[in-house]
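**Q** So the protein lines, in turn, are chains A and B.
Residue numbering for the first sequence follows the numbering used here, starting at 40 and increasing by one per position.
Residue numbering for the second sequence follows the numbering used here, starting at 2 and increasing by one per position.
We put the beta carbon where it would ideally sit given N, CA and C, even for glycine.
Before anything else, here's the structure in question.
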Amino acid sequence: MIHAVKHHPALELLEQYIEASLAPELSLAIAAHLDLCPHCQRIKMDLEAEAGATLVSLSEAPSAEADWQQMLDFITAQPEVAAKMEKRQPFALQIQNSEILLPASLKPLLQNKLKWLNLGGISTAKLAGEDQHNVSLLYIRKESEVPQHTHLGLEITLVLKGKIYDESGCYGEGDLLINTPDHTHTPRTMSEDCLCLSVLTAPLKFKKGLTRLLNPLQHLFY
Amino acid sequence: MLDPTSVQRHDGSNYQGPGIQGSMSVQPQDNTQWEQALTFIAVDRDKQAYSQLFSYFAPRLKAFGLKMFGNEQQAMEMVQDTMLNVWQKARLFDASRGCASTWIFTIARNVRFDMLRKKQSRKDELSADDLFFDGDYPEQEGTDSNEWDLWLLAEKVAPHFAKLPAAQRDVMEKVYLEEKSHQEVSEELSIPLGTVKSRIRLALDRLREAIDDPRS
Chain A
40 MIHAVKHHPA LELLEQYIEA SLAPELSLAI AAHLDLCPHC QRIKMDLEAE
90 AGATLVSLSE APSAEADWQQ MLDFITAQPE VAAKMEKRQP FALQIQNSEI
140 LLPASLKPLL QNKLKWLNLG GISTAKLAGE DQHNVSLLYI RKESEVPQHT
190 HLGLEITLVL KGKIYDESGC YGEGDLLINT PDHTHTPRTM SEDCLCLSVL
240 TAPLKFKKGL TRLLNPLQHL FY
Chain B
2 MLDPTSVQRH DGSNYQGPGI QGSMSVQPQD NTQWEQALTF IAVDRDKQAY
52 SQLFSYFAPR LKAFGLKMFG NEQQAMEMVQ DTMLNVWQKA RLFDASRGCA
102 STWIFTIARN VRFDMLRKKQ SRKDELSADD LFFDGDYPEQ EGTDSNEWDL
152 WLLAEKVAPH FAKLPAAQRD VMEKVYLEEK SHQEVSEELS IPLGTVKSRI
202 RLALDRLREA IDDPRS
């Protein structure tokens, strides 16, 4: 990757990620960020080493000797499983007429044909999720603006291609934008198209004029 | 010029000094004991090595499971699935990537994730193996992000130092204040060298985050 990732998840978020305490949809966004960010890959390994050290520091929880023995006998009667360590490779996907390299984490969710919904300069395709957690791709054409909105929950946006700007700065490939209910922002693109992964833990709330009408429809939109 | 003390450091028995040498340590004598056991299991399906590994890890995994699930039945299910994976996939363990405990933790974490997912009967494509990738990422050119001058920031760092988790603070104090080598700290605290290094990196990252945070 030529672009140096500047916006990372907080350590606390990574800690929750490595112990699988995050909602799976949020974990997906973190996993895709990791694919693009060597810095956080190393932190992940370090945090896992710490968690392993914590595991062995726990005091033993006893069970009857016979129960342990039974488990041990059962396990050692099982055959070895052929398993291979794979290498994590990005994969190419045709999106809006251009071929884009995407993080390997997203591959399982991109096996089916994408159904794009177009609204002005923005197209979205839902990848997974139900109810409160939504995972979608967001394709924002150049010089477009996402209507100003706040969030009722957590919104994580991972830039996959191009650049996006909001009130607090510029985000490029691999950068992670995290917005909480305290944030109101108006993301926009400038001279190039931008592809993002968007994970929402609760519906968005649009703030301005006509775009408020989008609120009831946003299950289509995001 | 050769520093004579640095030569002595290669000899672990000289290091501890006469006072401590006499007492028996309860810590495993060898940090690599479980890494070796996993190799025996992978190569020879060595049941004896597995049995030892099992009696060390299974009760600890159970404690972990009780903490995460809050009930005995699920905790034991997690122990069994985790230890079964260890037995069946020992070949995947790569000591150059980390300790046995790290690897076993990641398996238990994945087992737990998939158990929770199954309980919610979610059939979508989010599986632990994809979300918590454990192999090699492609090589990327990168800068060493820890190359920053800790001492220039000493004044800013000091107030955050006390807030580090105790394990990381211990290591940082020994390395940066007592100027000990990573190897010395590893021996002194009876923790693997890799753990010393990872604690330093984590502590540096935590400090950087504290300093970068405009609210602090």
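Select from Asn111/B, Arg207/B, Asp213/B and Gln37/B the residue whose C-alpha is nearest the C-alpha of Leu62/B.
**A** Nearest C-alpha to Leu62/B: Asn111/B.
**Q** In terms of alpha-carbon separation, which member of Gln117/A, Cys76/A, Ser237/A and Glu87/A lies closest to Ala13/A?
**A** Chain A is shown only over 40 to 261; residue 13/A falls outside these bounds and no answer can be derived.
**Q** Taking just the CA atoms, how far does Tyr210/A sit from Ile203/A?
**A** Using only the alpha carbons, I get a separation of about 5 Å.
**Q** If we ignore side chains and look at the alpha-carbon of each, how far apart do Leu178/B and Pro193/B end up?
**A** Going by the C-alpha atoms only, they are around 20 Å apart.
**Q** Counting only Cβ pairs nearer than 7 Å, list the residues of chain B close to Thr115/A.
**A** Simply Lys48, Tyr51 and Trp88.
**Q** Counting along the chain, where does the beta strand (DSSP E) carrying Glu194/A start and finish?
**A** From DSSP, the beta strand (DSSP E) with Glu194/A extends over Glu194 to Lys200.
**Q** For Pro142/A and Met84/A, what's the separation of their Cα atoms in angstroms?
**A** Whole-angstrom Cα-Cα distance: 19 Å.
**Q** Count Cβ pairs between the stretch 161 to 169 of chain B and the stretch 205 to 214 of chain B that sit closer than 8 Å; are there 3 or more?
**A** Yes: the two stretches touch, three or more of their Cβ pairs being nearer than 8 Å.
**Q** I need the straight-line Cα distance from Pro77/A to Glu104/A, nearest angstrom please.
**A** C-alpha separation (whole angstroms): 45 Å.
**Q** Taking 6 Å as the limit between beta carbons, can you name the residues of its chain near Phe70/B, skipping five residues before and five after?
**A** So the qualifying residues of the chain are Ala76.
**Q** What residues in its chain sit with their C-beta under 6 Å from that of Ala131/A, if we drop five residues either side in the sequence?
**A** Cβ neighbours of Ala131/A beyond the five flanking positions: Glu138 and Leu140.
**Q** Based on the DSSP output, what are the partners of Gln133/A in its beta bridges?
**A** Looking at the DSSP assignment, Gln133/A forms a beta bridge with Glu138/A.
**Q** Shortest alpha-carbon distance to Ala88/A belongs to which of Asn86/B, Cys100/B, Phe58/B and Asp131/B?
**A** Nearest C-alpha to Ala88/A: Cys100/B.
**Q** For the stretch 68 to 94 of chain B, which residues have a CB atom closer than 9 Å to at least one CB atom of chain A, in sequence order?
**A** So the close ones are Lys68, Met69, Glu73, Ala76, Met77, Val80, Gln81, Met84, Leu85, Asn86, Val87, Trp88, Gln89, Lys90, Ala91, Arg92 and Leu93.
**Q** Using a beta-carbon distance below 9 Å, is Ala100/A in contact with chain B?
**A** Yes - at least one Cβ of chain B is within 9 Å of the one on Ala100/A.
**Q** Return no unless some Cβ of chain B is closer than 9 Å to the Cβ of Lys123/A.
**A** So yes, Lys123/A belongs to the interface.
**Q** Quick one: give me the first and last residue of the alpha helix (DSSP H) that Val44/A is part of.
**A** Here Val44/A belongs to no alpha helix (DSSP H), and DSSP marks it neither H nor E.
**Q** In chain order, what residues of the same chain have a beta carbon less than 8 Å from the beta carbon of Leu145/A, not counting five sequence neighbours either side?
**A** The answer, listed in chain order, is Leu67, Ala71, Leu166 and Leu236.
**Q** I think Leu215/A touches Ile195/A, with their Cβ atoms under 8 Å apart; what is that distance to the nearest whole Å?
**A** About 7 Å separates the two Cβ atoms, so the contact holds.
**Q** Quick one: is Leu141/A near chain B, going by C-beta distance under 9 Å?
**A** Output row for Leu141/A: interface = no.
**Q** Using beta carbons (cut-off 9 Å, strictly below), is Met84/A in contact with chain B?
**A** At least one chain B Cβ lies under 9 Å of Met84/A.
**Q** Quick one: residues in its chain with C-beta nearer than 8 Å to the C-beta of Glu58/A, no 5 flanking neighbours on either side, listed in chain order?
**A** Same-chain partners within the cutoff: Ala90.
**Q** Tell me, please, which residues DSSP counts as bridged to Tyr210/A.
**A** Bridge partners of Tyr210/A: Ile203/A.
**Q** So which residues on chain B does Lys126/A lean against when the C-beta distance must stay under 9 Å?
**A** Here the neighbours are Gly136, Asp137, Tyr138 and Pro139.
**Q** Going along the chain, which residues of its own chain have a beta-carbon closer than 8 Å to the beta-carbon of Thr196/B, five neighbours each way excluded?
**A** Excluding positions up to five away in sequence, the list reads Cys100 and Ser187.
**Q** Determine, for Arg170/B, whether the minimum Cβ-Cβ distance to residues of chain A falls below 9 Å.
**A** By this cut-off, Arg170/B is not an interface position.
**Q** Smallest Cα separation from Arg180/A: which of Glu231/A, Leu149/A and Ile217/A?
**A** Residue Glu231/A is the option with its Cα nearest to Arg180/A.
**Q** Check whether the Cβ of Ala129/B lies closer than 9 Å to any Cβ atom in chain A.
**A** Judged by the 9 Å Cβ criterion, Ala129/B is in contact with chain A.
**Q** Return the CA-CA distance between Cys79/A and Trp155/A, expressed in angstroms with no decimal places.
**A** Whole-angstrom Cα-Cα distance: 31 Å.
**Q** With H, G and I counted as helix, E and B as strand and the rest as coil, what does DSSP make of Gln55/A?
**A** The answer is helix: DSSP assigns Gln55/A an H, G or I state.
**Q** Pick out whichever of Ala96/B, Arg202/B and Ala109/B has its Cα sitting closest to the Cα of Leu85/B.
**A** If we check each option's Cα against that of Leu85/B, Ala109/B comes out closest.
**Q** Give the interface partners of Gln55/A over in chain B, defined as CB-CB distance under 9 Å, in chain order.
**A** Per Cβ cutoff of 9 Å: no residues; Gln55/A is ~12 Å from chain B at best.
**Q** I'd like to know if Tyr177/B contacts chain A, where contact means its C-beta is closer than 9 Å to some C-beta of that chain.
**A** Not closer than 9 Å to any Cβ of chain A, the Cβ of Tyr177/B fails to qualify, so no.
**Q** Could you check which residue in Leu239/A, Glu212/A, Thr219/A and Ser207/A has the C-alpha nearest to that of Pro226/A?
**A** Cα-wise, what sits closest to Pro226/A is Ser207/A.
**Q** So what does DSSP say about Tyr138/B, is it helix, strand or coil?
**A** Note: Tyr138/B maps to coil in three-state DSSP.
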